[in-house]
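There are 4 protein chains.
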Amino acid sequence: VVIFVRVDLNCDMGESFGAYRIGADEQILEYVTSANIACGFHAGDPSTMRRTVRMALEKQVAVGAHPGYPDLLGFGRRFLDATPEEVYDMTVYQIGALAAFVKAEGGKLHHVKPHGALYNTAARDPKIAEAIAEAVYRVDPDLILFGLSGSALVEAGRRIGLRVANEVFADRTYQADGSLTPRSVAGALITDVDVAVEQVLSIVREGRVRTLQGTYVDIAADTVCIHGDGPNAVGFARRLRERLRLAGVAVSAL
Amino acid sequence: VVIFVRVDLNCDMGESFGAYRIGADEQILEYVTSANIACGFHAGDPSTMRRTVRMALEKQVAVGAHPGYPDLLGFGRRFLDATPEEVYDMTVYQIGALAAFVKAEGGKLHHVKPHGALYNTAARDPKIAEAIAEAVYRVDPDLILFGLSGSALVEAGRRIGLRVANEVFADRTYQADGSLTPRSVAGALITDVDVAVEQVLSIVREGRVRTLQGTYVDIAADTVCIHGDGPNAVGFARRLRERLRLAGVAVSAL
Amino acid sequence: VVIFVRVDLNCDMGESFGAYRIGADEQILEYVTSANIACGFHAGDPSTMRRTVRMALEKQVAVGAHPGYPDLLGFGRRFLDATPEEVYDMTVYQIGALAAFVKAEGGKLHHVKPHGALYNTAARDPKIAEAIAEAVYRVDPDLILFGLSGSALVEAGRRIGLRVANEVFADRTYQADGSLTPRSVAGALITDVDVAVEQVLSIVREGRVRTLQGTYVDIAADTVCIHGDGPNAVGFARRLRERLRLAGVAVSAL
Amino acid sequence: VVIFVRVDLNCDMGESFGAYRIGADEQILEYVTSANIACGFHAGDPSTMRRTVRMALEKQVAVGAHPGYPDLLGFGRRFLDATPEEVYDMTVYQIGALAAFVKAEGGKLHHVKPHGALYNTAARDPKIAEAIAEAVYRVDPDLILFGLSGSALVEAGRRIGLRVANEVFADRTYQADGSLTPRSVAGALITDVDVAVEQVLSIVREGRVRTLQGTYVDIAADTVCIHGDGPNAVGFARRLRERLRLAGVAVSAL
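Chains as they are written, first to last, in the numbering used here: chain B, 10 to 263; chain W, 10 to 263; chain H, 10 to 263; chain E, 10 to 263.
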């Protein structure tokens, strides 16, 4: 019998850039407990960072850095063959930039979650994972490292001595080996909000997920990723939060 | 009678970018006591920042952030009509990025000196000066703010409660009002190393400088700027350091 | 008695960037006769340029290059103190990039209109105006140069031997000297669609505009700028086009 | 018996950026017959492009566009996972930008050679090769496409109807299958100038190269790549040109 279940809800945000707007950050902040704020490489800019940090702190949402590849044009979604040393350097840089805004606003940086292609590379490439874990650790060993549940990144973080958070996705299906179904495969995305909510409940309460193949696979879940930029993003966040409450699942930052 | 005179020698560095190299940083670090390290906006990149911070710390040179306008193509030398709020934001960002490398290398960020057109704008525009001073103060009130001697930037720093450093130049001539001779005016630059060294000695020991017009004007000097990228940069730095030693002027970071 | 009146309607477009969307380009293209397409410096990117050029050509709208300062973060709206030579170079570059897409799609580049702060600088600074005019002329002397009606840019274009287009604005008020009311002044913007339409009709049919002060000033109008990114942009474009038709004003590219 | 042998010598240039200098372009232009000029994505900027185009045309060297990935920090040497469509778009853009400078200076663009990681990707990935070939063809079907000898890029160019140039390298060793020895393998680079010169002569006169393994492999050579940025770049270019002359090999653009 599950006595007490707790989970964190996180969302990528601060991904606007200059005159360009992406994401319903202000509304999404009502429903999540952790905000991963872009740091100016794949998205975001200094002014957007300040505003987003300020909003998140006001709403008492835990603030994390969301570093990505230096590819604004590709929104950080394209793999760039950077060396582990280059990844270490770009991660230190981006964490520091975001941390300064948090400090200037009177808060404290809470976690780090890589973005997009950097996240995916770090999930499977141990050297890139180590580079990121080392960057986080050397900037501040108290930071929590978010990574794909069970991935090389989470392992690298744990090994270096960081607190880590296994991340799961509400709107992505899983494969029998616990990996995410690649976006190129049919059925990769869950578009039905109810199905997505049920997947989260199953993962959070039972520690397992029904795979695309219909089997079940164990999966650790410290934090659930909510997307903030779809047409139903706010509605989904509200619904998920409500369902978790009804199900007796506590929602709070790590 | 001057009993004891002390001054800081600073140099802009870390201004390489990727495959592009500028400045004889390693050699210059032998002679200066403060290093102003570019933060990736007008020059510098994450890997260059790490390497430069590491070198400076190894040589026990005080490390400062050297934020500039986001204009790599113009090397931060072109005025950009950014608002005070935008300047505040870009300054927080750049200080934070550099500070993270300093922290990761086990050091502590010591000072901030704006670069190029941002430095010049902050010297004369009180709103831009305040924006920078506030950024520095909010990121870390222990940082020392470097600005043109007697400028609006130094004044803004002092007003907000920061320690400030009045900066003078070895290779630039001064006007009767204490301002630098604009580069467009004949005689703006001092190319004779001996003349430059004597100007520094006069400023440091007597607190005044002989202007281009031949008169004298009082000038405060906490730190002297050495340029690191000319053909004689290293030779000049060595010579100035030696002459200061012979003249009994102590050289150390603030 | 006015026997025949003709005017061009132009709109800035192609100002999206990567994942970021700005402007209702496809719909606006139904109502305008000239499209000024961003070239990747202040906005736009290669893929957006291709798509926008293709759409404009399909709808038989005249395609122009819309070069700006290299300031994506500021959307080209911030003055950058670039030299005339730098402005010449950035203009040649951007025209060429856009022209290649037009050629690849089987069309021919028709005109050039600078963007934002570059447009404003060129309107009042003869050296910057000449630099742009020379860039346009040297890339292709058949291109038409669009500039603020009566400005230094139009004059520079005419002097070098280019065909020029005097541009007027539907939603901006004018001063007694024929200049636009600065945005910082109350009454600078016309928000009432009917008032904006009437201003265009007055300018186009009578060659004069009622100033903010209530006087009238003569103004030449070869092309009217329609904004494509406001909430009512499409509605306004449709209404203006319809009113011009009813008033017997022919609308066509130059 | 070889009756008449002709080859082109090409060099990448215009790779400076703002205040940053790379390459001895002016001197190298004395010895090569084709110049591949960077277009602002991996290196180069509008002003550098104008200057380099002007110099090359003055010295009657054939001017080519040298497009790369949008990665100034990595100098275009890092693979970026861009789609074929994105590669098509970035290639059209860069060719157009360079072509405009050539036109403004009264010349005509002659060829296109992709840079660094884009060159390597195009050599082995048929879809990327096709994207580049199509971009070149649609901008101007008279352009000559340079690619690694025998590669997918040369094949894609030929298939679409372009004239192509098989490129060989003076200072890289070859494998038994005709591919370049990867830089990570010992013996990949030829540092002895005499050995490099002899390799070129062997390739140009006999149509074959001695591989790193000691065997011989046939190789087509329309153009030889000279590097312009090493310490001995100018000396090597001069020596190679002289040796080719002595050997009766005509050197001229295609």
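Even for Gly, the Cβ is constructed at its ideal location relative to N, Cα and C.
query	result
Please return the same chain residues whose Cβ sits closer than 6 Å to the Cβ of T224 of chain W, not counting the five positions on each side in sequence.	A185
Hey, out of W:G237, W:D98, W:L263, whose CA is closest to A179 of chain W's CA?	W:G237
By alpha-carbon positions, which one of E:S25, E:V121, E:T130 ends up nearest to F84 of chain W?	E:S25
With a cut-off of 8 Å, does the C-beta of M58 of chain E fall near any C-beta of chain H?	yes
How is L198 of chain H classed by DSSP in three states: helix, strand or coil?	strand
Give me the Cβ distance between L89 of chain E and R87 of chain B, rounded to the nearest whole Å; I'm assuming they're in contact under 8 Å.	6 Å
Taking only beta-carbon positions, decide if F13 of chain B is within less than 8 Å of chain H.	no
Whole-angstrom Cβ separation of A138 of chain E and A131 of chain E, contact assumed at under 8 Å?	5 Å
Using CA atoms only, rank isn't needed, just tell me which of W:D231, W:A262, W:T182, W:D203 is closest to E251 of chain W.	W:D203
Taking the alpha-carbon positions, what's the N19 of chain W to D151 of chain W distance?	18 Å
Is it a yes or a no for the stretch 58-73 of chain B touching the stretch 68-80 of chain W, going by three-plus beta-carbon pairs under 8 Å?	no
How many whole angstroms separate the CB atoms of E176 of chain W and L154 of chain W, which I take to be in contact at a CB cut-off of 8 Å?	Incorrect: roughly 10 Å between the Cβ atoms, too far for contact.
With a Cβ-Cβ cutoff of 8 Å, do D80 of chain H and L263 of chain H count as a contact?	no
Is any beta-carbon of chain W found at less than 8 Å from that of E67 of chain B?	no
Does any C-beta atom of chain W lie closer than 8 Å to the C-beta of R133 of chain H?	no
Under a Cβ-count criterion, where at least 16 other Cβ atoms within 10 Å of its own Cβ denotes burial, should T61 of chain E be classed as buried or exposed?	buried
Quick one: is G239 of chain W near chain D, going by C-beta distance under 8 Å?	Absent from the structure is chain D; the protein chains it does hold are B, W, H and E.
Closest to P55 of chain W by CA distance: which of W:V206, W:L107, W:I141, W:V194 is it?	W:L107
Just to confirm my understanding: we take R172 of chain E, look at its own chain, exclude 5 residues before and 5 after, and list those with CB closer than 7 Å. What are they?	I153
Output, in chain order, the set of chain E residues within a Cβ distance shorter than 8 Å of K112 of chain H.	G105, R147, V148, D149
Using the Cβ count rule (16 or more neighbours within 10 Å means buried), how would you classify Q222 of chain W?	exposed
By how many angstroms is the C-alpha of A246 of chain H removed from the C-alpha of N8 of chain E?	Absent from the structure is residue 8 of chain E, since the part of chain E shown begins at 10 and ends at 263.
Per DSSP, which one or two residues make a beta bridge with S43 of chain W?	W:N19, W:A71
How far does the beta strand (DSSP E) with A174 of chain H in it reach, from first residue to last?	172-178
Expressed to the nearest angstrom, what Euclidean distance is found between the alpha-carbon atoms of A242 of chain B and I37 of chain B?	8 Å
D90 of chain E versus chain B: which residues are under 8 Å apart at the beta carbon?	R87, F88, L89, A126
Taking 8 Å as the threshold (C-beta atoms), are G27 of chain H and D34 of chain H in contact?	no
Any beta carbon of chain W sitting closer than 8 Å to that of A28 of chain E?	yes
Quick one: Cα of L253 of chain W to Cα of A74 of chain W, how far?	26 Å
For L82 of chain B, which residues in chain H fall below 8 Å Cβ to Cβ?	F26, G27, D54
With a 10 Å radius around its C-beta and 16 neighbouring C-beta atoms as the bar for buried, classify A142 of chain H as buried or exposed.	buried
My guess is that L127 of chain E and P76 of chain E are in contact by the Cβ rule of under 8 Å, so how many angstroms apart are they, rounded?	7 Å
CB-CB under 7 Å to M64 of chain W, same chain, minus the five flanking residues each way: which ones, in chain order?	D34, E35, L38
Would a C-beta distance cut-off of 8 Å place R219 of chain E and V14 of chain E closer than the cut-off?	no
Give me the chain H residues within the contact set of A256 of chain E, using Cβ-Cβ distance strictly less than 7 Å, ordered along the chain.	Per Cβ cutoff of 7 Å: no residues; A256 of chain E is ~40 Å from chain H at best.
Going by DSSP in three states, D186 of chain H sits in which element: helix, strand or coil?	coil
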